[in-house]
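One structure is given below, encoded as structure tokens.
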Amino acid sequence: MAESLSSILIIYLICVAFLGISATAARNGLKKPFSYFALDATTSGKDDASSFSGSNFTYVCDPSRYAALGLDMANFVFCDKSLPYDVRARDLVNHMTLQEKVQQLGHGAYGVPRLGLPKYNWWSEALHGVSSVGPGTFFDEVVPAATSFPTVILTTASFNESLWKTIGQDVEGTENYPNPDSRPLKVSSCCKHFTAYDVDNWNNIIRETFDARVTEQDMVETFNRPFEMCIKEGDVSSIMCSYNRVNGIPACADPKLLNQTIRGEWNLHGYIVSDCDSIQVMVERHKFLGDTKEDAVARTLKAGLDLDCGKYYTQNTESSVKQGKQFQSLGIKDVCSEQHIELAAQAAREGIVLLKNKDDTLPLKSDTIKTLAVVGPHANATNAMIGNYAGIPCRYISPIDGFSTYAKVSHAIGCDVACKDDNSVLPAVEVAQEADATIIVAGIDLSVEAESNDREDLLLPGYQTELINNVANAAKGPGILVIMSAGGIDITFAKNNDNIKAILWAGYPGEEGGRAIADVVFGKYNPGGRLPLTWHEADYVNQLPMTSLQLRPNDELRYPGRTYKFFNGSTVYPFGYGLSYTNFTYKLTSPRKSVDIKLNKFQHCYNLNYKEDTSTPPCPSVRTNHLSCKEIFQFDVEVKNVGSRDGSEVMIVYSKPPEGIVGANIKQVIGFKRLFVNAKSSQKVSFEFNICKSLQIIDYNAYSVLPSGGHTIMNGDDVISFPIQISFS
């Protein structure tokens, strides 16, 4: 196991060598923490690691630094910049004793003073902007704040890949680096939590003891698919395993998940890290196989877990073994620049979804709307707009702030999020009776949905429904409802209330959320977001336990399907739904409608289960790993904006498998594009898809197969569609 420790440290140190600016600092009991850890420097370093403040790198291989430490840098090959990083990292590890190796495996890496290696705390977070969560991150006079973008659920709703890239860009020009093992990293991107991590705290069932029972079919098709894409298409440098067990085995101790899948099948170029204290949870909460601390450390290391966010590795690995590119420092001028603040506002605008717009009430016209009533629990939201895993934002623009730039605002909260009584509803009704238009900003917050706090229902808390109806029914002008939430809410009452003229979903829109909402309401921005998840009716949560992770309907237990792929019942708003202030038409051109794949003697037909009233094709399917999978199909769509306003259109493309296959998905997203089209203008957009990747289904045995027969390609809710026939010969 000592050899595996060396390999783990080499991987880790190669990554750390490239981590220039990650807004992290390790306090480590020192009066002044040091911030950044890089092997090489282009400027001189300080004379002692403990004197570094948050404004400096810790440049390991700086001659003056080694001289100040009484060491000769020439003695250490790992400081030779002419050598590749993997050679240097291996040399550094080879200098270490077992104890020194072990002490670098936790989030509080202790360093090796005799080698000039400083301490480093790498536990930092940046989910939608640099977060203050974690002991390795802090804000000070040099970097007092960070741009707080919308939470990722709203950014997802923009369906705009270029926006996502702009928000998350690390190092420009390195997207297709020749050697992925030596690509420069400014931050280390991490996809989490792997895998089947769908319960936090629901009906007293908690993630630290939850055993997710998942079929191999659902694992391959749904739960593991995003992580596979993270690695193969996103080229992330890290995967984090989750607290829960998956089919009886803790995720961080399962060699099939870690070594065989993440490293073997998906070829991760980076490291695997635990969720914080996952190994401790495995011993103390799961009590997995009665493992001792040393047993658990050995088991997770052998399974492929490289680093422990926690102390189990640093405190117990030694005894377990015995038993068996840099970047200049950044400041407020960089992170809170006008460019970044505007990007945060644009991200919020692009994600906002228009759910209802009766009689084309929106956008409001500023020349006729002179007074506004802005009411509801989130009317003056600041902190609630940020969501969780957030740091100190550069500033807050609340809804009241945003709307105040368009009209004179009167405010009455009406009730808070919990809304336990209706005592404050009347003042909100009274300001609505006097205003030209009323904006009701309602929804939920982290007291209702958060890590370790699963929701128990899909309704607005307390008296919020009463508040919304009373205000809308009494309002002199049009009533507009804005919902802040991450998950869906059953707002059927508002959808059906004719006095609520329009509904917007704004997610948790980040620091500029109030400005973005007001810009949409008054037409400065034409909304184009689409719901990234299904909004179910309230009774859905009573139809199945949240601990059931089966995606397909279970007729015997009367469980409905999960997600748009398998749920075919009524919804409040479906996945992908969203309106605009303009209208678009589509013209389909040049689709490929058939593909005949010639099979060789090593490629064989594979049986599928069909419904009784469906005839079975001669060759039902072929496993995709037996095919070359080079065939593609493509088509063009001309999108015309026939309305009077410029606007964005999101085109979501789905594939629908041949009819009659038992257990097949209803449809699945295979691609999307967001395009901006001027009023009375048109644009042509081209799509190209790989046959195997886009038309595959996962059968009951968890094999990826390409079915023969008539598939259907649809744009949106079948706005345009065409068949594509797959045959084998």
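End of the sequence shown sits at 729 in the UniProt record's numbering; the numbers just go up one at a time, nothing left out. Heads up, the beta-carbon is just placed ideally off N, CA and C, and yes, glycines get one too. Note that the structure is a prediction, hence the values are computed from the model and not measured.
Under the three-state DSSP convention, the category Q603 falls into: Walking along the sequence shown from the start, residue 603 turns up at place 603. Q603: coil per DSSP, three-state reduction.
Buried/exposed call for F37, threshold 16 Cβ in 10 Å: Along the sequence shown, one-based indexing puts residue 37 at 37. Its pLDDT being 49, under 50, F37 is placed unreliably by the model, and nothing is read from it.
Coarse secondary structure for L533, derived from DSSP in three states: Translated into the one-based positions of the sequence shown, residue 533 becomes position 533. In the structure shown, L533 sits in coil (DSSP, three-state: anything other than H, G, I, E or B).
Residue environment, N244, which counts as buried when at least 16 other CB atoms sit within 10 Å: Position 244 of the sequence shown, counting from 1, holds the residue named residue 244. Flag for N244 reads buried.
Nearest-angstrom Cα separation, counted from L185 out to A67: Residue mapping note: residue 67 aligns to position 67 of the sequence shown, counting from 1. Residue mapping note: residue 185 aligns to position 185 of the sequence shown, counting from 1. If you take the alpha carbons of A67 and L185, they lie about 29 Å apart.
Spatially closest choice to P658 from Q725, Q280, K333, by CA coordinates: Residue mapping note: residue 658 aligns to position 658 of the sequence shown, counting from 1. The shortest C-alpha separation from P658 is found at Q725.
Three-state class that DSSP yields for H286 in the structure shown: Translated into positions along the sequence shown, residue 286 becomes position 286. If DSSP states are grouped into helix, strand and coil, H286 belongs with coil.
Same chain, Cβ closer than 7 Å to G270, five either side skipped, listed in chain order: Along the sequence shown, one-based indexing puts residue 270 at 270. Closer than 7 Å at Cβ, skipping near neighbours: C15, V236, S237, S238.
At least 3 beta-carbon pairs within less than 8 Å: the stretch 355-362 vs the stretch 371-379: no
Selection from E125, S124, F138, P63 that minimises the alpha carbon distance to G116: Taking the sequence shown and counting its residues from 1, the one referred to as residue 116 is at position 116. Among E125, S124, F138, P63, the Cα nearest to that of G116 belongs to P63.
Cβ neighbours of V441 in the same chain (closer than 6 Å, five flanking residues each side left out): Translated into positions along the sequence shown, residue 441 becomes position 441. Once the five neighbours on either side are set aside, the close Cβ partners of V441 are G376, H378, A379, P399, V482.
When C276, F223, M219 are compared against E125, the one with the closest alpha-carbon: As a working mapping, residue 125 is identified with position 125 in the sequence shown. Of the listed residues, the one whose Cα sits closest to E125 is C276.
Inter-residue Cα distance where the pair is E265 and F689: Walking along the sequence shown from the start, residue 265 turns up at place 265. Walking along the sequence shown from the start, residue 689 turns up at place 689. Rounded to whole angstroms, E265 to F689 spans 22 Å at the Cα level.
Nearest to D401 (by Cα), restricted to the options I500, I439, K640, V642: Sequence index remark: in the sequence shown, residue 401 carries index 401 (1-based). Considering only alpha carbons, the answer is I439.
Residues near A428 in its chain [Cβ-Cβ closer than 6 Å; skip 5 each side]: The residue you call residue 428 lines up with position 428 of the sequence shown. Closer than 6 Å at the Cβ level, and outside the excluded window around A428, lie V375, A412, G414, V471.
Close beta carbons around L268, own chain, < 6 Å, minus the five adjacent residues each side: Locating residue 268 in the sequence shown gives position 268, where the first residue counts as 1. Excluding positions up to five away in sequence, the list reads I231, I262.
Coil, strand or helix - E125 by DSSP: Indexing the sequence shown from 1 puts residue 125 at position 125. E125: strand per DSSP, three-state reduction.
Whole-angstrom distance between Y573 and I652, CA atom to CA atom: Position 652 of the sequence shown, counted from the start, is the residue given in the question as residue 652. Position 573 of the sequence shown, counted from the start, is the residue given in the question as residue 573. Roughly 16 Å between the two C-alpha positions.
Coil, strand or helix - F78 by DSSP: Here residue 78 refers to the residue found at position 78 of the sequence shown. Three-state result, F78: helix.
Beta-carbon separation (whole angstroms), N316 vs K293, contact threshold 8 Å: Walking along the sequence shown from the start, residue 316 turns up at place 316. Walking along the sequence shown from the start, residue 293 turns up at place 293. Their Cβ separation, rounded to whole angstroms, is 4 Å, which keeps N316 and K293 in contact under 8 Å.
Nonlocal neighbours in the same chain, by C-beta distance under 7 Å from A679, ignoring five residues either side: Against the sequence shown, residue 679 aligns to sequence position 679. Answer for A679: T582, N641, G643, S644, R645, D646, listed in chain order.
N90 versus F575: straight-line alpha-carbon distance, rounded: Locating residue 90 in the sequence shown gives position 90, where the first residue counts as 1. Locating residue 575 in the sequence shown gives position 575, where the first residue counts as 1. The identity of residue 90 in the sequence shown is Arg, whereas the question assumes Asn. So the two alpha carbons sit approximately 49 Å from each other.
Buried/exposed call for R349, threshold 16 Cβ in 10 Å: As a first step, residue 349 is located in the sequence shown; it is residue number 349 there, counting from the start. Answer is buried; the Cβ neighbour count reaches 16.
Rounded C-alpha distance that separates I489 from V448: For the purposes of this step, residue 489 is taken as the residue at position 489 of the sequence shown. For the purposes of this step, residue 448 is taken as the residue at position 448 of the sequence shown. Roughly 12 Å separates the two Cα atoms.
Between the CA atoms of L92 and F34 - distance to the nearest angstrom: Counting from 1 along the sequence shown, the entry for residue 34 is found at position 34. Counting from 1 along the sequence shown, the entry for residue 92 is found at position 92. Legend: pLDDT at F34 = 29, less than 50; position of this residue unreliable, no value from coordinates given.
Residue environment, residue 749, which counts as buried when at least 16 other CB atoms sit within 10 Å: A query on residue 749 cannot be resolved here, the shown segment of the chain reaching from 1 to 729 and no further.
DSSP three-state assignment for residue 813, whether helix, strand or coil: Not covered by the structure: residue 813. The range shown for the chain is 1 to 729.
Segment contact flag, the stretch 528-541 with the stretch 379-394, C-beta cutoff 8 Å, min 3 pairs: no
W164 - containing alpha helix (DSSP H), residue span: Along the sequence shown, one-based indexing puts residue 164 at 164. It spans 161-168 - the alpha helix (DSSP H) in which W164 sits, taken as one unbroken run.
Neighbourhood of N259 by C-beta, 6 Å cutoff - its chain only, sequence neighbours within 5 removed: The count along the sequence shown starts at 1 and reaches residue 259 at position 259. Within the same chain, N259 has close Cβ partners G304.
Element boundaries [alpha helix (DSSP H), containing A296]: Reading the sequence shown from its first residue, position 296 is the one you call residue 296. Here the alpha helix (DSSP H) through A296 covers 293-303.
Exposure of K598, with buried meaning 16 or more beta-carbon neighbours within 10 Å: Taking the first residue of the sequence shown as position 1, residue 598 is located at position 598. So K598 ends up on the exposed side.
N- and C-terminal bounds of the beta strand (DSSP E) containing K365: By 1-based counting over the sequence shown, the position of residue 365 is 365. K365 -> no beta strand (DSSP E), and no H or E assigned at all.
V669 - partner residues in DSSP beta bridges: As a first step, residue 669 must be located in the sequence shown, where it is residue number 669. The partner list for V669 (beta bridge, DSSP) reads Y654.
Spatial neighbours of K256 in its chain, beta-carbon cut-off 6 Å, leaving aside the 5 residues before and after: What you label residue 256 is simply residue 256 of the sequence shown in a count that begins at 1. No residues qualify anywhere along the chain.
Distance CB(Y577)-CB(I720) smaller than 8 Å: Stepping through the sequence shown from its first residue, residue 577 is reached at position 577. Stepping through the sequence shown from its first residue, residue 720 is reached at position 720. No, they are not a contact pair.
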